[in-house]
Each structure stands twice: as C-alpha cells, then as structure tokens.
Amino acid sequence: MAMNLGHQIGTLSGQQIPTEFAAGDQPSSTTASPSAVWKSPAVACQAFATSSPLEMTEEEVAGTAEWTDGGRKDEKKGVSVFVMMPLDSVTNGNTVNRKKAMNASLHALKSAGVEGIMIDVWWGLVEREAPGAYNWGGYTELLDMAKKHGLKVQAVMSFHQCGGNVGDSCTIPLPKWVREEMEKDSDLAYTDQWGRRNYEYVSLGCDSLLVLKGRSPVQCYADFMRAFKDNFKHLLGDTIVEIQVGMGPAGELRYPSYPEENGIWKFPGIGAFQCYDKYMLSSLKAAAEAAGKPEWGSTGPTDAGHYNSWPEDTPFFKKDGGGWNSQYGEFFLSWYSQILIEHSERILSSASSVFEATGVKISVKVAGIHWHYGSRSHAAELTAGYYNTRFRDGYLPVAQMVARYGAVFNFTCIEMRDHEQPQDALCAPENLVRQVVLATKEAQVPLAGENALPRYDESAHEQILKASSLNIDGSSNDREMCAFTYLRMNPSLFQPDNWRRFVAFVKKMNEGKDSRRCLEQVEREAEHFVNVTEPFVQEAALALMP
32 MAMNLGHQIG TLSGQQIPTE FAAGDQPSST TASPSAVWKS PAVACQAFAT SSPLEMTEEE
92 VAGTAEWTDG GRKDEKKGVS VFVMMPLDSV TNGNTVNRKK AMNASLHALK SAGVEGIMID
152 VWWGLVEREA PGAYNWGGYT ELLDMAKKHG LKVQAVMSFH QCGGNVGDSC TIPLPKWVRE
212 EMEKDSDLAY TDQWGRRNYE YVSLGCDSLL VLKGRSPVQC YADFMRAFKD NFKHLLGDTI
272 VEIQVGMGPA GELRYPSYPE ENGIWKFPGI GAFQCYDKYM LSSLKAAAEA AGKPEWGSTG
332 PTDAGHYNSW PEDTPFFKKD GGGWNSQYGE FFLSWYSQIL IEHSERILSS ASSVFEATGV
392 KISVKVAGIH WHYGSRSHAA ELTAGYYNTR FRDGYLPVAQ MVARYGAVFN FTCIEMRDHE
452 QPQDALCAPE NLVRQVVLAT KEAQVPLAGE NALPRYDESA HEQILKASSL NIDGSSNDRE
512 MCAFTYLRMN PSLFQPDNWR RFVAFVKKMN EGKDSRRCLE QVEREAEHFV NVTEPFVQEA
572 ALALMP
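If you read the sequence shown in our numbering, its first letter stands for residue 32, the second for the next number, and so on.
Here is the structure:
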C-alpha cells in the first residue's frame, strides 16, 4: 500500500508522523506547483538571499513533522548533531531576522535528523540600552520556533562583541552603557604592549571590581544569566538543554591575542600578550611580589615579537634559549594562564548556581589554536593564555577546572587534518585534538566538538566522524563526544550537493561508532531519506517565495 509523506518520514525516523489537520486547520493551497519552483533541496538558500521578514502561518507551523530526538529512535546512541544559527538571527530591533527563512530552515534541519541548534544570546542586544533593562523579544520568538519544530537548543551567553574574529559576518558591540564606561576608563579593555585597546570583551583584570555602573563584570554576567533563566524557565531542561557560557572573545576561554579587525593579525602569526591594562598589571605586580621577584611585576615580556611574528623571530619564543623556557618565563606564563582559569571559575561558579536543578548542561568553549603547535614554545597558544609547550600540558588544568563544575569541555578545529594546513607554520590540528581528548579523559570531563571553519566536503565530515569517536589511544571503550555543533546554517549548507552530504553525515554521527551496519548502507539510507523528504522540503521552499 502506498504511504503518504508523513508515513514515509515516520518509517525512516522510527516515529509515526501525524498527518491529519486539527479542527479548523487546512492545508495551504496555491496555484503554483511545488515542482514548478523546486530547484534543489535547498530549503532556505533563496530565503537567506532576501531580507523580507515574512511570517509563517500557524497552520504551516502546526503542519511540521514531529520527531524524536534528532530523528532517531528513543534509545540514545551516537553523537548528537547541533547546527549553529546565523550570528544575526536576532536583529537590532529585537525580532527574528528573516522569519520565514528561519522557519523553513529549522524545518529542514529537523528533517535531516539534527538534534538541535545553537543560538548566540547577545549581551549587546538584550541589555543594550541600560543596566538591568533586558529585551528578550527576538529570543522569545526564536526559542518558541525551535520548540515547535522539536529542536533542542544550546544557548550561548555571548558576553563578547560580534565583529573582528574569524567568520564574523555582522557587528554587535557590547552594551551601550558598558562602552560608555570603557570610554571613561580605557583600562577596562584588554591592552597590548603598544597600548592598543581591544573592546571585544571586558578585561578579566577587573572581574570583581565595581566598574560597570556599580556592578562588577562578573555580577553583570550572573544577573544576565539569572534574567535569562527567569524568562525562559518553562523551556529549561526540555527545549534549552545546554548553556554555553561566554568566557572571552568569540565566546572562547582565551585572551584576544589574534584580532583580525583592521588587519592587526593575520594567520599564522603568533599573536600578542594582552596584559597591559592597569588592572592586569596590578595583578602581575602582586604575583611578582608574592614570588619574591618584584622586578618581574612591572610589565609583561617585551621581546615576544609582534602579532604576525613567527616564534624563531623572537627572543622570547625561539626554541633554543627562549625566554619562555626560563625562570621568568615560567613565572609569567603560569600567572597569565592561571588568572584566565580563575576568570572562568568565577563565571562557571555563577552559572552553576543560576542554573542549578534546571536540567541544563553548562559548557565552556576552548579555542583550537593549531598553528605553531609543532614548535617547542607553542607561541600562539601561549599568547592566547594556554600554557601549553613541548614540556607542559596546558589543557589538563583547564579540563580539571571544567570537571570541578560538572561542565562540558567544548573544543574547536575538529574537522581539520594536519596536511591541509601550512606545514611551514608547524600546524598540527590532529595532534592538538588528540592532546585535548587525552586531557579530558584524564580529567573525566565530557568532550564536545565544533568545526572551526565552514566545511561541506566529505573529507571534513569523515575527519569529524573519526575525531568524535574518541578512538585516540585505542582504549576509549564506550566514550564518544557528547555532542557536535556544526558551523553554520547558511545558504551554502542548503546547496544540493552540500545538503545531501550533510544529511548523510548527520545519519552517520547518529549511528555511533559501535554501529555494526556498514557505512555504505547508512549512505544509501541517507540518500533515500533525502529523496523521500524532497516533497516535504518543497513545501518549505514554496513558502519562501516572496
């Protein structure tokens, strides 16, 4: 007997899809045939090319398919895949950007078996105008859309500026009143040795000082998270399953040592230390005095080159006799990395308290700085705050700190292979991922992953599959990544070939490493799934027409 579309999708997903309309609901009608406008399974490709914020009707929302977790059966296995939403998913006017496109895209992601989405909740949008004045408008709407589509949400508490980093496609500054305080006291901004200020994130040197209209930065972050919890408590633990707490630029636990804005830094430069504002220098001075070396407390290294230097061009980072491997270097780098960890502990402590007993996970994102990893000093990691060298594991202390709070360690560059990177810069992303896997294993902390750059090719997908299995030392047993977040939803993802590869990738991730089924069978099912859902996706594409 021929099955209708809902039955066909339900058969593949392991769940019956309701196909009847509720009383008063009617299927959408139009004189245009879906096949007349359908060009590809590009659910939202055309929609992202238009800025028209069209609405989706309640009937269209009610007609979307219901799925179990990410299109899988109830038993939990494999690695859940989330997809990052566009950075500008919420507009400056606190509404959902390109609403019709967003609805159709979420519908498509659900049909692909995706577990959920990741959303940046921008401090600079929500609390933009005045301290304590929160406008959740666009996020209320977006989270409701995710719930209606049956998608889980990883919500990022984005306490940083958008703009100035790799992949930033829009500009969202810090809240207006925060910038006003930074204009009054420029030392609230991270500062390099040449006096250049970085306004991406408030300097951790003033974490506990009442420098933001009578509150400390950490208090502001805690109040923001508390307001988020109060406003969305009905979604916590059900729709909202994870809170990723922003710790620095790009939401990552690091210093803004390699800013792309205005061409300051270019890959694969070593970056620069960011410890020259008065608050950081005060902390350095106190640490030097406590170590019995007050002469070390007046400034950071002055022989560490410039943003685009290479390790061997600098006295501090060179492999033989470099300052990094001296008594002074050990003191400075220990202090520089330790106060970064203490910064994350203060915020994690607040987050854990705010979201206690809500059923959500807390996570921390760590940057995958893979360039110059093959050098002795690991210069680019050192300037970012990771005290990782040929002779020292800089990621184990971070993993142990994350474990203390029962949080998730989220790491980037999972998709990269060593041979794809410039070898003269001694790039080694695979070795870096291996080190992080071993560190998180020792610390007994869950590991999640992200791709650092947009990739739609099978080579990247296969590398992600390999890395997510955590079969690094041959003894991972049942351990896998707890989740993977795919960067990012955009028109390219919905191009025909990219979409087909993506659907197959998601299915393989959902299968898990212990699946006894051959990958060829999984790929055939994925292709069949794409074909079966094509009419389902056509309706969304038709809805995108102006």
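Every residue, glycine too, gets a C-beta built ideally from N, C-alpha and C.
Keep in mind the model is a prediction, meaning the values are calculated, not measured.
query, result
"Cβ pair I274, V121 closer than 9 Å", "no"
"Top-ranked residue by Cα proximity to Q454, from C251, G416, H401 and E493", "H401"
"C-beta atoms of G416 and L371 nearer than 9 Å", "yes"
"Candidates E493, Y307, P522 and A258: closest to F386 by CA position", "A258"
"Burial state of W225, where buried means 16 or more other Cβ atoms lie within 10 Å", "exposed"
"Integer Cβ distance of N441 from S394, believed to fall under 8 Å", "5 Å"
"Option in G277, R228 and N262 with minimal Cα separation from A398", "G277"
"Inter-stretch contact at 8 Å, needing at least 3 Cβ pairs: the segment 234–245 / the segment 187–203", "no"
"Which of helix, strand or coil DSSP assigns to A161", "coil"
"Identity of the residues DSSP links to Y517 by a beta bridge", "V114"
"Meets three-Cβ-pair contact criterion under 8 Å: the segment 534–544 and the segment 141–157", "yes"
"Pick from D424, G294 and E158 that is closest to R465, judged by C-alpha positions", "D424"
"Assigned secondary structure, N562 (DSSP; H/G/I helix, E/B strand, else coil)", "helix"
"Continuous alpha helix (DSSP H) stretch holding V385: start and end", "Q358 to V385"
"Local Cβ density within 10 Å of T443, reported as buried at 16 or more and exposed below that", "buried"
"Where A479 sits in the DSSP three-state scheme", "strand"
"Contact set for Q250: own chain, Cβ-Cβ below 7 Å, skip 5 residues either direction", "none"
"Burial state of L501, where buried means 16 or more other Cβ atoms lie within 10 Å", "buried"
"Contact test: L457 Cβ vs the ligand FAD heavy atom, cutoff 8 Å", "The ligand FAD is not among the ligands present in this structure, which contains no ligands whatsoever."
"Exposure label - T333; buried when at least 16 CB within 10 Å", "exposed"
"Below-9 Å beta-carbon distance, G323 vs any chain C residue", "Checking the listed chains, one finds no chain C in this structure; it contains a single protein chain."
"For D151, the residue or residues it bridges with in DSSP", "V187"
"Collapsed DSSP secondary structure at E291 in the structure displayed", "coil"
"Best match in A318, L364 and K472 for proximity to A410 [C-alpha to C-alpha]", "L364"
"Best match in R448, F255, K207 and N262 for proximity to E461 [C-alpha to C-alpha]", "R448"
"Under the three-state DSSP convention, the category T345 falls into", "coil"
"Opening and closing residue of the beta strand (DSSP E) in which Q275 lies", "I271 to V276"
"Reduced DSSP category for S394 - H, G, I as helix; E, B as strand; rest coil", "strand"
"Range covered by the beta strand (DSSP E) that runs through P222", "A quick correction: the sequence has Thr, not Pro, at residue 222. Looking at the DSSP string, the run of the beta strand (DSSP E) that includes T222 is A220 to T222."
"Residues bridged to R246 [DSSP beta-bridge criterion]", "L243"
"Terminal residues of the alpha helix (DSSP H) in which N541 lies", "P527 to E542"
"DSSP state of N229 mapped onto helix, strand, coil", "strand"
"Alpha carbon of A438 to alpha carbon of V476, nearest angstrom", "7 Å"
"D308 classed as buried or exposed, judged by whether at least 16 other C-beta atoms fall within 10 angstroms", "buried"
"Cβ pair N123, L156 closer than 9 Å", "yes"
"Straight-line gap, T516 to I445 (C-alpha atoms, nearest Å)", "10 Å"
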